[in-house]
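Asks: In this note's numbering, the protein residues as written are 15 to 200.
If you scroll down you'll find the structure; I have some questions about it.
Next up, the structure:
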């Protein structure tokens, strides 16, 4: 994966084309499975990199996060593996819900928004997750990004390879790769 600094990441924000609206009501609906004190994702901006037709493989979701208090442990003072996973999940759920809502990803074409929300927890499975911590990230105010790198459909499931990264606007950053298995909506 190509690693960028927080400054480069910030500069790329303006390069997103064809932005898709993610309002507070939609974000709240996607985060419904999370207890309120575990909702770390505060806002999402979605767009497409590059020119031409917006497609799922150009789509990037960027989120603003804040972890005021960890939902499972005393304060460690830094972003850790469990919080990485929770933040990835929250932003990836929004990313995939928008793919379903907008009809962008053939690998998810058997889902409607209604079936997505019904099966969000049961049918979206992490097959593997790899996280890398390059420097201590401040969990109180940071940003993240999720994208789907590849999508393969098989009978009764799809396999999505995704990438994510988090940065705090200073020197704190981490990134990772996650392989998702999405069971058929049928």
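Cβ coordinates follow ideal geometry from the N, Cα and C atoms, glycine included.
All figures in this text were calculated on a predicted structure; none of them were measured in a lab.
Taking the beta strand (DSSP E) that residue 138 belongs to, which residues open and close that run?
Replies: Here the question's residue 138 lines up with position 124 in the chain shown. Note, residue 138: beta strand (DSSP E), 138-149.
Asks: Would residue 169 be called buried (16 or more neighbouring beta carbons within 10 Å of its own) or exposed?
Replies: Within the chain shown, the letter at position 155 stands for residue 169. With fewer than 16 other beta carbons inside 10 angstroms of its own, residue 169 counts as exposed.
Asks: Using the Cα positions of residue 185 and residue 157, report the straight-line distance between them to the nearest angstrom.
Replies: Numbered from its first residue, the chain shown carries residue 185 at position 171. Numbered from its first residue, the chain shown carries residue 157 at position 143. Roughly 12 Å separates the two Cα atoms.
Asks: For residue 171, which residues of its own chain have a beta-carbon under 8 Å away from its beta-carbon, when the five flanking residues on both sides are left out?
Replies: As a first step, residue 171 must be located in the chain shown, where it is residue number 157. Cβ within range, chain order: 195, 196, 197 and 198.
Asks: Shortest alpha-carbon distance to residue 162 belongs to which of 132, 147, 179 and 56?
Replies: Locating residue 162 in the chain shown gives position 148, counting from the first residue. That would be 179, whose Cα lies nearest to the Cα of residue 162.
Asks: Between the alpha carbons of residue 21 and residue 200, how many angstroms are there, rounded?
Replies: As a first step, residue 21 must be located in the chain shown, where it is residue number 7. As a first step, residue 200 must be located in the chain shown, where it is residue number 186. Annotation note: pLDDT 40 at residue 21 (below 50); position unreliable, coordinate value reported separately. Using only the alpha carbons, I get a separation of about 43 Å.
Asks: From the beta carbon of residue 35, is the nearest beta carbon of chain C less than 8 Å away?
Replies: In summary, chain C is missing from the structure at hand, where a single protein chain is found.
Asks: In three-state DSSP terms, what is residue 99?
Replies: One-based indexing of the chain shown puts residue 99 at position 85. Of the three classes helix, strand and coil, the one that applies to residue 99 here is helix, per DSSP.
Asks: Using a 10 Å radius around the Cβ and a threshold of 16 neighbouring Cβ atoms, would you call residue 23 buried or exposed?
Replies: Taking the first residue of the chain shown as position 1, residue 23 is located at position 9. With a pLDDT of 45 at residue 23, under the threshold of 50, the modelled position of that residue is not reliable, and the figure given next carries that caveat. Buried.
Asks: Secondary structure at residue 199, three-state DSSP: helix, strand or coil?
Replies: In the chain shown, residue 199 corresponds to position 185, counting from 1. Residue 199 sits in coil when the DSSP states are folded into three classes, being neither helix nor strand.
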